[in-house]
Each structure stands twice: as structure tokens, then as C-alpha cells.
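To start, the structure itself, in C-alpha cells.
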Amino acid sequence: MKKPLLIVVTGCPGSGKTTLAHTLARKIGCPAMCRDEIKEGFVNTMKSSHEALEKDVNKGIYSTFFEILEFLLSKQITLIAEAAFQHHLWTPPLEKLSQISQIKIIVCTVDPHLARSRFIQRGLSDPNRIRFHGDWGVRAAQKGIELPLVNYEPPLLPIPTLEVDTSEGYRPSLNDIESFLLKSSELSTCDSSAE
């Protein structure tokens, strides 16, 4: 049985992960499962806000995120998983998912000051951001408090990994990223055998 490809797109908040994940999903032709979007769907269902939810809601979303990945991969669906999880949160689930999928990791990198600026601008320009995620950083920025720089620890696993600088566009290029992802996997963006 062929194993599907699980493409993990990660990096610190404001590093451009979600944009890259959706861009790659369209380019390759697969779904993108984004942790924040799953959380937003849950908050919408509850007709609530992050602050009004139980304190352990993020633990539940974390579990749901990986349950969704496992279900889709078990059905041989290649997909992209996007989240800002630190190394210790990625490791146990990825070790398990490696039994049913080929995994490749993309770590979005950017100057920490630029990441912080992007994070703040995103939060200030999207009034729903606080409702969905209760971003303390956005609240701090609204009060004029300078945020500390984020210390992000990417997943360090024996899995093919590519660092992508997202400061201005993508380095390496999207075509090079796609080549990395599809190299020595049995996938092709022009495979029409299922049609």
C-alpha cells in the first residue's frame, strides 16, 4: 500500500506558515489542515470567544488536529499540516504518523523582529483574532506594551526538513520547495491516474 505524504509546515507566529501552507496545497493539489482554522471553527460552533471557553480548550484542539491528520492519512490522503507547535509538541504525534505516512517538514524562518511585527499587524487588522485565540500579544500591542521576541524550537526529527526564509517571498523558491516535497515520493502534480 502506498503511503500518503504528510507535509508539515511550521515556524514561529508571524513567520508566514499559513500563507505558505495554503499556497502549497493549491500548487500540489491537497488539503491544508491548519490548527488555528480548526480552533476558529470550534469557537464559531460554541458561538463564544476564547476567553469564555474552558481553560483546556487548546489541549482539545491539539488532540483534534492530530486525530484529523491520522484519519485522513489512514485513508491515503496526502495533506499539509500547519501549526506553530514547538518541538516537544510535534514529536510524539509525528513519530506515530510516520507509521502510516511519508513525512517532510518545512520550517518557515524569518527575522524575529519581522515575525513579531507581522503577528501584531495581523492581530490588529483582524478583529476576530482576539475572539478566536485570545492573543495576549495583540492585547499587549493595543496597550502599547512591547512584546518579547518569540523563542521558537522547530521539530528536530530524523525526517527530511527544509528551512524556507519567508522575509520577502520564499527562499528557496516555490518550485524548489515543491521539488523537495515531491522528490522520491510517488506523488506528482500531474498524476491523472485517479481521473
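Using this note's numbering, the first residue of the sequence shown is number 1388, and each one after it goes up by one.
Note that CB positions come from ideal geometry on N, CA and C, so glycine has one too.
* Asked: Mind checking Pro-1415: buried by the 16 CB within 10 Å criterion, or exposed?
  -> Translated into the one-based positions of the sequence shown, residue 1415 becomes position 28. Note that residue 1415 is Ile in the sequence shown, not Pro. Ile-1415 is buried by the Cβ-count criterion.
* Asked: Where Asp-1443 and Gln-1473 are concerned, what is the direct C-alpha to C-alpha distance, given to the nearest angstrom?
  -> Position 56 of the sequence shown holds residue 1443. Position 86 of the sequence shown holds residue 1473. A straight line joining the alpha-carbon of Asp-1443 with that of Gln-1473 spans about 18 Å.
* Between the C-alpha atoms of Met-1388 and Glu-1441, what's the straight-line distance to the nearest angstrom? -> Taking the first residue of the sequence shown as 1, we reach residue 1388 at position 1. Taking the first residue of the sequence shown as 1, we reach residue 1441 at position 54. If I take the Cα positions, the gap works out to 41 Å.
* If you scan the region 1533-1579 from start to end, which runs of the alpha helix (DSSP H) of 4 or more residues do you find wholly inside it? -> 1561-1569
* To do: Measure the C-alpha to C-alpha separation of Ser-1560 and Thr-1496 and round it to an integer number of angstroms.
  => Within the sequence shown, numbered from 1, the residue matching residue 1560 stands at position 173. Within the sequence shown, numbered from 1, the residue matching residue 1496 stands at position 109. Those two C-alpha atoms are separated by around 14 Å.
* What residues in its chain sit with their C-beta under 8 Å from that of His-1475, if we drop five residues either side in the sequence? -> For the purposes of this step, residue 1475 is taken as residue 88 along the sequence shown, with counting starting at 1. The residues are Glu-1540.
* To do: Could you check if Asp-1578 is buried or exposed, using at least 16 other CB atoms within 10 Å of its CB as the buried criterion?
  => As a working mapping, residue 1578 is identified with position 191 in the sequence shown. Any answer about Asp-1578 is weak, because its pLDDT of 36 lies below 50 and its placement is not dependable; what the coordinates show is given next. So Asp-1578 ends up on the exposed side.
* Asked: Mapping DSSP to helix, strand and coil, what is Ala-1581?
  -> Along the sequence shown, one-based indexing puts residue 1581 at 194. Any reading at Ala-1581 must be qualified, since the residue scores a pLDDT of 37, below 50, and its modelled position is unreliable; the value itself is stated next. Correct three-state label for Ala-1581: coil.
* Rounded distance between the beta-carbons of Arg-1422 and Glu-1469, thought under 8 Å -> Within the sequence shown, the letter at position 82 stands for residue 1469. Within the sequence shown, the letter at position 35 stands for residue 1422. Between Arg-1422 and Glu-1469 the Cβ distance is about 7 Å, and since that is below 8 Å, they are a contact.
* Asked: Helix, strand or coil: how does DSSP classify Thr-1410 here?
  -> Working through the sequence shown from its first residue, we reach residue 1410 at position 23. In this structure, Thr-1410 counts as helix in the three-state DSSP scheme.
* To do: With Gly-1398 as the anchor, note down where its beta strand (DSSP E) starts and where it stops.
  => Indexing the sequence shown from 1 puts residue 1398 at position 11. Segment 1392-1398, the beta strand (DSSP E) holding Gly-1398.
* Given a cut-off of 8 Å, decide if Phe-1452 and Ile-1425 are closer than it, judged by their beta-carbon atoms. => Reading the sequence shown from its first residue, position 38 is the one you call residue 1425. Reading the sequence shown from its first residue, position 65 is the one you call residue 1452. Yes. Within cutoff.
* Is it buried or exposed for Ile-1532, if we count other Cβ within 10 angstroms and need 16 for buried? -> Here residue 1532 corresponds to residue number 145 of the sequence shown, with the count starting at 1. Exposed, since its Cβ has fewer than 16 Cβ neighbours within 10 Å.
* Express the C-alpha separation of Lys-1530 and Ser-1580 in angstroms, rounding to a whole number. => In the sequence shown, counting from the first residue as 1, residue 1580 sits at position 193. In the sequence shown, counting from the first residue as 1, residue 1530 sits at position 143. Since pLDDT at Ser-1580 reaches only 34, below the 50 mark, its modelled position is unreliable, and the value read off the structure follows with that caveat. Going from the Cα of Ser-1580 to the Cα of Lys-1530 covers about 56 Å.
* To do: Specify, as a first and last residue, the run of the beta strand (DSSP E) that Met-1420 falls within.
  => Counting from one through the sequence shown, the residue named residue 1420 turns up at place 33. Looking at the DSSP string, the run of the beta strand (DSSP E) that includes Met-1420 is 1419-1421.
* **Nearest-angstrom beta carbon gap, Val-1494 and Pro-1400 [assumed within contact, 8 Å]** => For this step, residue 1400 is matched to residue 13 along the sequence shown. For this step, residue 1494 is matched to residue 107 along the sequence shown. The pair is not a contact, with the Cβ atoms about 14 Å apart (cut-off 8 Å).
* Could you give the distance in angstroms between the alpha-carbon of Ser-1512 and the alpha-carbon of Gly-1556? -> Translated into positions along the sequence shown, residue 1512 becomes position 125. Translated into positions along the sequence shown, residue 1556 becomes position 169. Roughly 21 Å separates the two Cα atoms.
* Reference Asn-1431; option with closest CA among Lys-1491, Leu-1568, Glu-1550, Asn-1515 -> Position 44 of the sequence shown, counted from the first residue, corresponds to residue 1431. Selected option, being the one with the closest Cα: Asn-1515.
* To do: If I'm right that Gln-1492 touches Val-1395 with Cβ under 8 Å, what's the distance once you round it to whole angstroms?
  => Here residue 1492 corresponds to residue number 105 of the sequence shown, with the count starting at 1. Here residue 1395 corresponds to residue number 8 of the sequence shown, with the count starting at 1. A small correction: the amino acid at residue 1492 is Ile; Gln does not occupy that position in the sequence shown. Yes, they are in contact, since the Cβ atoms of Ile-1492 and Val-1395 sit about 5 Å apart, within 8 Å.
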